[in-house]
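>
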Amino acid sequence: MKKIAFILVLITVVSTILTVNIFAAKIPLRVVVNGSRINFPDAQPFIDENGRTQVPVRFVSEALGADVGWDGKTKTVTIEQGKNKISLVVGKSEYTVNGKTMEMDTTVLLLEDRTFVPVRFVSEGLGANVEWNASIRTVYITTGGTVPTPTPEEGEVRYYDGIAFNPATDVDEFGRMTIEKSQEFLLKMADQLSFVKENGKYYIIGEYPEIPEEFEWAVGIGIILKSGGVRNFSTGTARKDYLIPREGSFKKDTTGLIDINDIEGFNIVIAVQNKEIKRDLGRLSISYIIHGTFYDGTTKRAVFIPESGAISRISYTDTFNFEKMFRW
């Protein structure tokens, strides 16, 4: 009965935003150089056994303005950018940067007729800054401390709490934020949402990241009770006691609205919607069960669910920080 009840609660919370079909998949590795995603036409980046992101050397190096050379006899790849020169040998952990010998914790690989290099060591050797976002499996590489603005034909890049947004490339023809870009905003919002106890009271605390003015946040929080039923907090409810604002920061006192000892679990749905059409291309769904298990045997889950059933969902369960969010 509890499993059936939880499924009904999940449907109730999700329906406050959108109903979709669900499929399983994993988001591919992405590499973004100065705000532009690198396209790898054949061999794709991957994480090696040492936990390093390996990329085909030519595409990232050329995006950084470097020239790539290859010596087939010695299996040596050279990367030159102005006064900078990096030399790496397939199968070796030692490499040189401007004549200085250094060592990696992994090696250069030759796969599918492509030379793969660990992107961090090469990028930093060329003076670039490298950041890794595990939640969306993306490597961000920037040079000179800033990201160049594209030409007018490509749109103007704007930044919202550190997230780059280009209306020309990050919005579809219907005005909805693209799946890849919405994931960045949704995961950042989830990182700033938590259930905390202060001075004997129980609060839902959140701080919305800035988003482009044509979009708005939609949040639904279902707190499932062991005694049956659910307490629904959302940005769309007409009940003032359970209403959550759509912008800025908030601290919702739930003391008196729920019995903390009666909580079975939580289900949260977050979306970024176009204000005019009230639609999105997908949403983030987070489930956390304190007592018992979810219908498939899990106790916690974080997934991005696309609006279209033809597109696979993306799981963040392994990297999501449930302990940070749920502290009641």
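Numbering (our numbering), first residue to last: -3 to 324.
Just so it is clear, CB atoms sit at the ideal spot from N, CA and C, and this is done for glycine as well.
Note that the coordinates shown come from a computational prediction; the quantities given were computed from them, not determined experimentally.
1) In the DSSP assignment, the alpha helix (DSSP H) including residue 120 goes from what residue to what residue?
2) Based on Cα-Cα distance, which residue from 238, 248, 104 lies nearest to residue 73?
3) Just checking: is the beta-carbon of residue 262 within a distance shorter than 8 Å of some beta-carbon in chain C?
4) Looking only at its own chain, which residues have a Cβ that is under 7 Å from the Cβ of residue 306, when we skip the five neighbours before and after it?
5) Name, in chain order, the residues that DSSP records as bridge partners for residue 311.
6) Write down the C-beta distance between residue 323 and residue 190 rounded to the nearest angstrom, noting that I regard them as a contact closer than 8 Å.
7) Report the residue from 171, 261, 301 whose alpha carbon sits nearest the alpha carbon of residue 272.
8) Run the proximity test for residue 83: is its beta-carbon closer than 7 Å to any non-hydrogen atom belonging to the ligand PLP?
9) Should residue 112 and residue 179 be called a contact, given that it needs their Cβ atoms to be closer than 8 Å?
10) Let me check understanding here. Comparing Cα to Cα, which of 64, 201, 98 lies closest to residue 249?
11) Is it the case that the Cβ atoms of residue 256 and residue 198 are separated by a distance below 8 Å?
12) Where residue 235 and residue 137 are concerned, what is the direct C-alpha to C-alpha distance, given to the nearest angstrom?
13) Within the continuous beta strand (DSSP E) that includes residue 36, where are the two ends?
14) Which whole-angstrom value is the C-beta distance of residue 52 and residue 42, which I expect to be below 8 Å?
15) For a test of the three-state rule: what should DSSP assign to residue 207, helix, strand or coil?
16) Please classify residue 20 as buried or exposed, where buried requires at least 16 neighbouring CB atoms within 10 angstroms.
17) Give me the DSSP bridge partner(s) of residue 163.
18) Give the list of continuous beta strand (DSSP E) stretches no shorter than 3 residues that lie fully inside the segment 43 to 97.
19) Short check: CB of residue 265 to CB of residue 225, under 8 Å?
20) Is it buried or exposed, residue 302, if we count other Cβ atoms within 10 angstroms and call 16 or more buried?
21) Using 10 angstroms around the beta-carbon of residue 230, count the other beta-carbons present and answer buried if the total reaches 16, otherwise exposed.
22) Apply the 10 Å Cβ neighbour rule to residue 263 and answer buried if 16 or more other Cβ atoms are within range, or exposed otherwise.
23) Assuming contact is defined by CB atoms lying nearer than 8 Å, are residue 119 and residue 182 in contact in what I supplied?
24) Give the secondary structure of residue 249 by DSSP, where H, G and I count as helix, E and B as strand, and everything else as coil.
25) Alpha carbon to alpha carbon, what distance is there between residue 34 and residue 164?
Quick answer:
1) Taking the first residue of the sequence shown as 1, we reach residue 120 at position 124. Unbroken alpha helix (DSSP H) run through residue 120: 115 to 121.
2) To locate residue 73, count along the sequence shown from 1; it is residue 77. Measuring C-alpha to C-alpha distances from residue 73 to each of 238, 248, 104 identifies 104 as the nearest.
3) Annotation note: the requested chain C is absent from the structure, which comprises a single protein chain.
4) Start at 1 with the first residue of the sequence shown, and residue 306 comes out as number 310. If we look at residue 306 and ignore the five residues flanking it on each side, it has no Cβ neighbours.
5) Position 315 of the sequence shown, counted from the start, is the residue given in the question as residue 311. DSSP, once it has assigned bridges, lists 299 as partnering residue 311.
6) Your numbering for residue 323 matches position 327 in the sequence shown. Your numbering for residue 190 matches position 194 in the sequence shown. The beta carbons of residue 323 and residue 190 sit about 6 Å from each other, so the pair counts as a contact at 8 Å.
7) Stepping through the sequence shown from its first residue, residue 272 is reached at position 276. Its Cα nearest to that of residue 272, the residue 171 stands out among 171, 261, 301.
8) Questions concerning the ligand PLP fall outside what the structure shown contains, since it holds no ligand whatsoever.
9) Working through the sequence shown from its first residue, we reach residue 112 at position 116. Working through the sequence shown from its first residue, we reach residue 179 at position 183. Taking a C-beta distance under 8 Å as the contact criterion, residue 112 and residue 179 do not qualify as a contact pair.
10) By 1-based counting over the sequence shown, the position of residue 249 is 253. It is 201 whose Cα lies nearest to the Cα of residue 249.
11) Here residue 256 is taken as the residue at index 260 of the sequence shown, counted from 1. Here residue 198 is taken as the residue at index 202 of the sequence shown, counted from 1. Taking 8 Å as the Cβ cut-off, residue 256 and residue 198 qualify as a contacting pair.
12) Residue 235 sits at position 239 when you count from the first residue of the sequence shown. Residue 137 sits at position 141 when you count from the first residue of the sequence shown. Here the C-alpha atom of residue 235 lies approximately 46 Å from the C-alpha atom of residue 137.
13) Mapped onto the sequence shown, residue 36 falls at position 40. From DSSP, residue 36 is part of no beta strand (DSSP E); its letter is neither H nor E.
14) If you number the sequence shown from 1, residue 52 lands on position 56. If you number the sequence shown from 1, residue 42 lands on position 46. Their Cβ separation, rounded to whole angstroms, is 10 Å, which puts residue 52 and residue 42 out of contact at 8 Å.
15) Numbered from 1 along the sequence shown, position 211 holds the residue referred to as residue 207. In the structure shown, residue 207 falls within a coil segment according to DSSP collapsed to helix, strand and coil.
16) The residue given as residue 20 occupies position 24 in the sequence shown. Residue placement at residue 20 cannot be trusted, given a pLDDT of 34 that sits under 50; the coordinates are not used to answer.
17) The residue you call residue 163 lines up with position 167 of the sequence shown. Answer by DSSP bridge pairing: none, since residue 163 is not bridged.
18) Here the runs fully enclosed are 49 to 52, 63 to 67, 72 to 77, 80 to 85, 90 to 93.
19) Along the sequence shown, read from residue 1 onward, the residue named residue 265 stands at position 269. Along the sequence shown, read from residue 1 onward, the residue named residue 225 stands at position 229. The answer is no: Cβ separation not under 8 Å.
20) Taking the first residue of the sequence shown as 1, we reach residue 302 at position 306. It is buried - the Cβ of residue 302 has at least 16 other Cβ atoms within 10 Å.
21) Translated into positions along the sequence shown, residue 230 becomes position 234. Burial call: buried.
22) On the sequence shown, residue 263 is found 267 positions in, with the first residue counted as 1. With 16 or more other Cβ atoms inside 10 Å of its own Cβ, residue 263 counts as buried.
23) Residue 119 sits at position 123 when you count from the first residue of the sequence shown. Residue 182 sits at position 186 when you count from the first residue of the sequence shown. Note that the C-beta distance between residue 119 and residue 182 is not below 8 Å.
24) In the sequence shown, the residue the question calls residue 249 occupies position 253. The three-state secondary structure of residue 249, taken from DSSP, is strand.
25) Walking along the sequence shown from the start, residue 164 turns up at place 168. Walking along the sequence shown from the start, residue 34 turns up at place 38. So the two alpha carbons sit approximately 17 Å from each other.
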